[in-house]
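S.K.:
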Amino acid sequence: QVQLVESGGGLVKPGGSLRLSCMASGFTFSDYYMSWIRQVPGKDLEWISYVSGTGTTIYYADSVRGRFIISRDNAKSSLSLEMNSLRAGDTAVYFCVRTITFGGVIPGSFDHWGQGAQVTVSS
Amino acid sequence: DIQMTQSPSSLSASVGDRVTITCQASQAIGNYLNWYQQKPGKAPNLLIYDASSLQTGVPSRFSGRGSGTDFTFTISSLQPEDFATYYCQQYYNLPLTFGGGTKVEIK
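Protein chains in written order, with our numbering: chain A, 2 to 124; chain V, 256 to 362.
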């Protein structure tokens with residue numbers, strides 16, 4: 002069955018950096034777009050980035066563009082999110098999410114989610 | 256960005272009740288809308304895609320309809336395991352955006 006397991010969360014000071022990883026199994030990783038979605042507990046879901054199956058197409062939400070970097074290693078079935086210049090507003094649970102595309106190229110729905118990794122930005 | 260507005264933000268209902276949640280988009284999005292269920296401490300789970308198509312394995316008491324800017328999500332007969340928060344999400348335009356959620360609580 003599809004499994005997505007995040008790691009790398011933790012407590013970091015404002016301005017610091019953190020790298021999240023996600024190990025995927027149970028499906029052909031390179032066939033799927035992958036996304037990172039975050040959620041402040043009890044609050045809204047915010048989609049922040051996606052990467053295409055080949056890694057050639059990447060998109061970032063305005064809130065993280067220029068600070069976060071998404072990448073994938075298809076040989077290892079892994080997805081990463083490098084987070085730099087972290088702010089208090091980045092505090093959230095970060096989910097690694099398999100993304101179903103519409104027409105093969107447009108991200109559409111999120112059909113499998115990891116358990117989430119807590120990121121806390123605080124001095 | 257397309258804003259997704261859900262109502263109500265919370266509701267109380269009893270087992271067996273029919274529950275309807277609405278989601279309004281700030282511009283027309285065709286039928287490019289999904290619905291998710293999230294239980295406390297868990298990740299969201301996709302229930303409905305393309306506004307009205309049931310995801311594999313999802314019980315038929317869940318349904319969705321609508322197009323353009325106005326959408327509804329219905330649970331025909333609320334079950335104990337359905338108490339959760341429900342979110343709509345559009346994929347007409349980037350960035351993909353979610354509604355604020357509707358928490359369904361036990362009356």
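Ideal placement from N, C-alpha and C gives every residue a C-beta, glycine not left out. From a predicted model like this one, the values you see are computed outputs, not experimental measurements.
(1) Flag Gly9 (chain A) as yes if its beta-carbon sits less than 8 angstroms from any beta-carbon of chain V, otherwise no.
(2) Closer than 7 angstroms by C-beta to Ile257 (chain V): which residues in its own chain qualify, once you throw out the five before and the five after it? Chain order, please.
(3) Which residues in chain A have a C-beta closer than 7 angstroms to the C-beta of Phe353 (chain V)? List them in chain order.
(4) Secondary structure at Gly90 (chain A), three-state DSSP: helix, strand or coil?
(5) At which residue ranges does the stretch 307-355 of chain V contain complete beta strand (DSSP E) runs of 3 or more residues, listed in the order of the chain?
(6) Cα separation between Cys23 (chain A) and Tyr341 (chain V)?
(7) Quick one: using the 10 Å Cβ neighbour count with 16 as the cut-off for buried, is Gly115 (chain A) buried or exposed?
(8) So, for Ser50 (chain A): in the same chain, excluding its five sequence neighbours on each side, which residues have a beta-carbon less than 8 angstroms away from its beta-carbon?
(9) What does Tyr304 (chain V) touch in chain A if you count any residue whose Cβ is under 9 angstroms from its own?
(10) Counting contacts by CB-CB distance shorter than 8 angstroms, is Phe69 (chain A) in contact with chain V?
(11) State yes or no: is the C-beta of Thr329 (chain V) within less than 8 angstroms of the C-beta of Thr275 (chain V)?
(12) Rounding to the nearest angstrom, what Cα-Cα distance links Asn289 (chain V) and Leu302 (chain V) in this structure?
(13) Label Ser53 (chain A) either buried or exposed according to how many other C-beta atoms from any shown protein chain fall within 10 Å of its C-beta, with 16 as the threshold for buried.
M.R.: According to the structure data:
(1) no
(2) Ala280, Ser281, Gln282, Ile284, Gln345, Tyr347, Asn348, Thr352
(3) Asp45, Leu46
(4) helix
(5) 317-322, 325-330, 340-345
(6) 25 angstroms
(7) buried
(8) Ser36, Trp37, Ile59, Tyr60, Tyr61, Ala62, Val65, Phe69, Ile71, Leu82
(9) Ile101, Gly109, Ser110, Asp112
(10) no
(11) yes
(12) 8 angstroms
(13) buried
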